[in-house]
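Heads up, the thing below is written out as structure tokens.
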Amino acid sequence: MPDVKTFSGTPEQQSKLMEIIEKQKNVRGSLIAVLHEAQQIYGYLPIEVQEMISKGLNVPMTEIYGVVTFYTQFSLEPKGKYNVAICMGTACYVKGAGKILDEFKKELDIDVDGVTDDGKFSIEATRCIGACGLAPVLTVGDDVYGRIDEHNVPAEVAKILKNYKEV
Amino acid sequence: MPKTINLTINGIAVSVPEGSTILQAAREANVDIPTLCYLKGVNAPGSCRLCLAEVKGMRTLVAACLYPAAEGMEVLTNTTEVREARRINVELILSNHDRECLTCVRNGSCELQKLCDDLGIQDIRFKGEDPTLPLDEKSVAIWRNPNKCILCRRCVSVCKNVQTVSAIDTVNRGFATKIGTTFDKSIADVNCVNCGQCITACPVAALRGANMLTEVQDAINDPDKHVVVQVAPSVRVSIGELFGMPIGTRVTGKLAAALRRCGFDGVFDTDTGADFTIMEEGTELIHRLQNDGKLPQITSCSPGWVKFCEHNYPELLDNLSTAKSPMSMFGALLKSYYAKQKRIDPAKIYVVAIMPCTAKKFEASREELSGAGYSDVDAVLTVRAAARLIKSAGVRFDRMPDEEFDTPFGIGTGAGAIFGATGGVMEAALRTVSEVLENKPLDKIDFDAVRGTSGIKEAEITIAGKPLKVAAVNGLGNARKMLDKVISGEAKYDFIEIMACEGGCVTGGGQPIVDAKTQMDIDVKKVRAGGLYDEDKSLKVRKAHENPIVKKVYEEFLGEPCGHKSHKLLHTHFTKR
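So the protein sequences, as listed, match chains L and S. Residue numbering for the first sequence follows my numbering, starting at 153 and increasing by one per position. Residue numbering for the second sequence follows my numbering, starting at 11 and increasing by one per position.
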């Protein structure tokens with residue numbers, strides 16, 4: 153059973169979700185689109201959010217849970233304010249993505265899919281993000297960092313993290 | 011008339027209607043193609059890849075359960091390539107399958123086991139990972155063992171598409187794929203209605219009824235307990251199958267004899283309980299009709315349907331008949347009237363019910379069902395478990411003489427017998443309601459309009475000069491379709507019978523499991539129901555209100571139907587979930 157954290161959704165988040173559901177509820181096959189937007193709003197897809205979507209779209213809970221657990225981009229756990237997503241695709245991997253991942257794990261003292269105690273950072277090992285020309289590549293939130301120097305990983309990682317330290 | 015297609019299967023010429031699959035065409039040619047994920051009318055995803063066949067001119071092998079037969083097609087099902095492909099696929103399924111066949115509840119009735127035997131698979135070349143997953147044995151009705159699951163999804167299809175319950179679905183992906191519930195909760199804690207259709211759909215032992223056999227055996231051997239058994243109507247046309255008899259064989263007399271030899275202190279017939287249900291439910295309907303009560307009245311003897319209603323249609327709970335099911339009614343009478351007659355402390359009476367149903371296990375656990383101050387029913391055994399009880403007691407079922415249930419409390423009627431088939435409760439109720447309201451015997455007691463296996467059956471019947479609109483529905487998906495119309499006002503009825511399982515109790519989740527192959531050739535629900543209607547015809551008394559024991563109990567003990575005493579003992583209430 154996934155470790156379900158206490159849900160702390162705000163009324164604003166809920167009304168935003170309801171607006172999306174209202175728009176999509178008569179569109180066939182809209183579940184994945186709604187889940188995407190819901191994850192944007194809440195950062196993850198806890199049972200409470202899935203229940204709202206189930207009621208709103210009239211789709212059984214098990215089906216929603218099945219879809220959420222099928223696609224890796226959906227998360228049942230809250231992510232950090234800054235999600236570090238390191239590409240593990242073939243091109244990035246041969247160019248040292250593994251070393252970069254290990255360095256982030258060491259620096260942030262968390263595992264893959266973990267969140268730092270202050271809720272600021274989380275780490276995700278993703279499949280190929282389709283930017284092989286930038287290999288090895290990673291994203292932090294919406295920011296993209298490419299062509300990281302694999303011979304200088306600790307300094308590169310420190311430099312990236314510094315961008316978010318005092319925000 | 012659909013067009014006819016001519017093709018050959020292994021060189022045998024065969025003609026089939028257009029739209030038939032290769033699998034169906036092969037059946038016509040008496041060629042057996044192995045299947046595992048295929049279940050007629052329920053599931054054909056083509057995912058197990060065991061029905062692979064070669065079609066001349068095609069580059070790859072095709073899945074026979076999905077591939078349409080075409081004019082002039084030449085199909086080969088027994089080439090080296092086909093055999094090797096099937097073998098590899100079975101070995102891959104076996105590579106991470108929990109192969110504890112000897113102690114498995116499906117030992118002897120497992121489709122995977124049979125397939126290995128049929129295909130001559132005697133070694134497994136692959137060693138898969140052994141992902142031992144936790145068992146889910148919290149439910150009082152259904153237990154799950156994901157380690158036995160082969161991911162055929164027959165259970166998911168029946169739960170989601172046939173029953174529209176959606177308690178289980180496919181979770182995760184790749185090697186982590188499993189059949190699960192929302193957030194991996196126990197099946198006991200979700201919207202499962204315990205109908206058990208997933209169990210009878212499962213080719214292996216990933217799903218089974220909750221095991222109560224040992225408790226029952228211990229109770230029988232406890233000298234302080236007076237252990238009585240009651241047998242549901244549909245059991246008499248199905249349990250014979252587990253002793254090698256053809257589907258639908260009537261074994262009422264043998265069953266009574268066998269249970270007596272298992273050591274029960276009283277052997278009774280739930281048919282008697284069904285007659286009481288008709289008296290109460292029929293009277294309730296008359297009251298509702300005469301006093302502008304809430305209509306339609308909907309039957310409540312199917313516990314899968316009742317829980318489905320509590321989850322999905324709370325606005326219809328007042329439409330449910332408050333009359334308890336035959337099982338619970340009979341249990342309450344055993345612990346009150348029978349206890350008094352026999353001068354036995356009701357606390358010492360242990361009531362076992364042999365039911366075609368896993369939801370009955372949940373019904374028995376409902377706290378509100380304790381009319382006489384004790385649980386109406388103490389243990390429910392499925393038909394499968396009852397056969398195990400008989401076998402393990404060393405009773406040779408096939409050699410049993412035909413005996414009667416214990417009299418006088420075991421007298422049943424034809425009205426009770428047909429409860430086990432869809433439309434039977436309706437028909438039994440109409441026999442009584444019309445005679446009570448018209449005050450004269452019926453000219454014809456068979457109500458053919460509510461018989462048969464279609465999902466929704468409707469009829470308009472005139473009773474005492476008034477038209478009565480009735481319907482009999484079987485399968486929860488069909489119930490949902492009809493109830494949505496009732497709620498929107500599109501359809502109007504006075505009385506509806508709803509059975510959770512397609513076909514009614516004869517194909518309930520506690521019945522003997524019929525493999526997918528046999529189901530391709532035989533409509534099990536029709537054949538078993540046929541046995542029940544034969545039973546009805548063979549009985550002298552065919553109307554509930556003419557049952558001598560029913561009359562006696564009302565005279566001596568209950569007073570009148572829906573009276574004060576029967577309200578306390580024989581009626582219940584429902585809760586929104």
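No residue lacks a Cβ here, since even glycine has one placed at the ideal position from N, Cα and C. Values in this document were obtained by computation on a predicted structure and should not be read as measured data.
Asked                                                                                                                      : Found
Three CB pairs or more closer than 8 Å across the stretch 312 to 328 of chain S and the stretch 203 to 215 of chain S      : yes
Cutoff 7 Å; reference residue 583 of chain S; Cβ partners in own chain excluding five residues on either side              : 332, 378
DSSP three-state assignment for residue 243 of chain L, whether helix, strand or coil                                      : helix
Cβ-based neighbour list, residue 407 of chain S, same chain, cut-off 7 Å, excluding 5 preceding and 5 following            : 253, 264, 268, 400
Residue 179 of chain L burial status per 10 Å Cβ neighbour count (16 or more: buried)                                      : exposed
Euclidean distance between Cα positions of residue 190 of chain S and residue 223 of chain L                               : 16 Å
Interface partners of residue 222 of chain L on chain S, CB under 9 Å                                                      : 180, 181, 182, 183, 187
Proximal residues to residue 539 of chain S (C-beta, below 6 Å), its chain only, five neighbours per side dropped          : 431, 516
Stretch pair the stretch 443 to 454 of chain S + the stretch 289 to 301 of chain S: three plus CB contacts closer than 8 Å : yes
Collapsed DSSP secondary structure at residue 154 of chain L in the structure displayed                                    : Low confidence applies here, because residue 154 of chain L scores a pLDDT of 45, under 50, leaving its location unreliable; read the following figure in that light. It is coil, neither helix nor strand.
Runs of alpha helix (DSSP H) wholly within the stretch 179 to 234 of chain L (minimum 4 residues, chain order)             : 183 to 194, 199 to 209, 213 to 222
Unbroken beta strand (DSSP E) run spanning residue 257 of chain S, endpoints                                               : That residue, residue 257 of chain S, is in no beta strand (DSSP E); it is neither H nor E in DSSP.
Proximity test, Cβ basis, 8 Å: residue 196 of chain L and chain S                                                          : no
CB contact flag (residue 340 of chain S, residue 282 of chain S, <8 Å)                                                     : yes
Euclidean distance between Cα positions of residue 398 of chain S and residue 303 of chain S                               : 46 Å
CB contact check: residue 304 of chain L to chain S, cutoff 8 Å                                                            : no
4 or more residues per run - each alpha helix (DSSP H) lying fully within the stretch 413 to 474 of chain S                : 424 to 427, 434 to 448
Rounded Cβ spacing between residue 468 of chain S and residue 309 of chain S (contact assumed at less than 8 Å)            : 15 Å between Cβ atoms; not a contact.
Cβ neighbours of residue 572 of chain S in the same chain (closer than 7 Å, five flanking residues each side left out)     : 290, 293, 294, 297
Where residue 199 of chain L meets chain S, residues with beta-carbon distance less than 7 Å                               : 193
Neighbour-count burial assignment, residue 240 of chain S, 16 or more Cβ in a 10 Å radius                                  : buried
Proximity test, Cβ basis, 8 Å: residue 498 of chain S and chain L                                                          : no
Residue 564 of chain S (DSSP reduced to helix, strand or coil)                                                             : helix
C-alpha gap between residue 227 of chain L and residue 189 of chain L, whole angstroms                                     : 13 Å
Under 9 Å from the C-beta of residue 212 of chain L: neighbouring residues of chain S                                      : 170, 174, 175, 176, 177, 179, 192, 201
For residue 536 of chain S and residue 592 of chain S, the rounded distance between their alpha carbons                    : Absent from the structure is residue 592 of chain S, since the part of chain S shown begins at 11 and ends at 587.
Beta carbon proximity, residue 259 of chain L to chain S, threshold 8 Å                                                    : no
7 Å Cβ cut-off: residues of chain S touching residue 215 of chain L                                                        : 176, 179
Minimum C-alpha distance to residue 174 of chain S - residue among L:210, L:251, L:252                                     : L:210
Among L:169, L:282, L:174, nearest to residue 191 of chain L - alpha-carbon criterion                                      : L:169
Close beta carbons around residue 97 of chain S, own chain, < 7 Å, minus the five adjacent residues each side              : 129, 131
CB contact check: residue 226 of chain L to chain S, cutoff 8 Å                                                            : no
Any chain S beta carbon closer than 8 Å to residue 218 of chain L                                                          : yes
Spatially closest choice to residue 124 of chain S from S:170, S:105, S:213, by CA coordinates                             : S:213
Simplified DSSP assignment, three categories, for residue 113 of chain S                                                   : helix
Straight-line gap, residue 56 of chain S to residue 586 of chain S (C-alpha atoms, nearest Å)                              : 39 Å
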